[in-house]
Amino acid sequence: MLNQVIIMGRITHDLELKQTQSGVSLLRFNVAVDRGYVKQGEERQADFISCIAWGHRAEFINDYFSKGRMIALEGQLRTGSYDDKNGVKHYTTDVNVDNVSFTGEPKQQDSGGYPQPENNTGADRNVTTGGDLSVSDIADFEDIINDGAVPF
């Protein structure tokens, strides 16, 4: 049998890390995942997926992610049920998080926005590699045409 879920989307609300009575960290949150298709003339739709993380994973998510940030998750679907105060039974489906990944999205700035590139042309960029090497202008590089032939 196979029960594996992989999703990538945005966290929909502020995170609140909780502790169980035995001291285990617990984090419940929702992830908005865009659907892969849009009907002509309609807005893109999203599914809001309930997730739960435990222990160090919960603490990691709480420390490094926040509302609106893109997150990639692997986990398993878990179903459950509970009775509300009126005795009505409710059924739940959650992704029990096993792995968390960053998506390569730029880190948020203090203003709450995301940094935008000043010039998308690729020319006149000043790229520093961390050492003494610096590339100040990549406009003189040529494109390599891939004709499918092996170069050796």
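This note's numbering applies: residue -8 is where the sequence shown begins, and numbers increase by one. Every residue, glycine too, gets a C-beta built ideally from N, C-alpha and C. In this text the structure is predicted, and so the values were computed from the model without any measurement.
Point to revise | Per DSSP, cross-strand counterpart(s) of Ser229 | key: Residue numbering for the chain in the displayed model covers -8 to 143; residue 229 lies beyond these limits and cannot be assessed.
Check your understanding: Three-state secondary structure (DSSP) at Phe51?
Key -> Looking at Phe51 - three-state DSSP - the assignment turns out to be helix.
**Study point:** Backbone secondary structure at Gly46 - three-state DSSP
**Key:** Gly46 sits in a helix when the DSSP states are folded into three classes.
Check your understanding: Do you know offhand how far Thr94's Cα is from Met61's?
Key -> So the alpha carbons of these two residues sit roughly 6 Å apart.
Practice item. Compare the C-alpha of Thr83 against each of Gly27, Ser92, Gly71, Asp75 and name the closest. Key: The shortest C-alpha to C-alpha distance from Thr83 to any of Gly27, Ser92, Gly71, Asp75 is the one to Gly71.
Review point. In terms of residue numbering, what span does the beta strand (DSSP E) encompassing Thr83 cover?
Key: Element bounds for Thr83: 80 to 92.
Review point. From what residue to what residue does the beta strand (DSSP E) around Leu68 run?
Key: Going by DSSP, Leu68 is part of the beta strand (DSSP E) stretching over 61 to 74.
Check your understanding: What three-state label does DSSP hand Met(-8) in the structure shown?
Key -> Looking at Met(-8) - three-state DSSP - the assignment turns out to be coil, as it is neither helix nor strand.
Practice item. Would you grab the beta carbon distance between Ile52 and Leu18 for me? Rounded to a whole angstrom, and I think it's under 8 Å. Key: In this structure Ile52 touches Leu18 by the C-beta definition: roughly 6 Å separates them, less than 8 Å.
Review point. Between Arg35, Asp89, Gly0, Tyr28, which lies nearest to Ala49 when the distance is taken from Cα to Cα?
Key: The option with the nearest alpha carbon to Ala49 is Asp89.
**Study point:** Residues that DSSP places opposite Gly0 in a beta bridge
**Key:** Answer is Ile62, bridged to Gly0.
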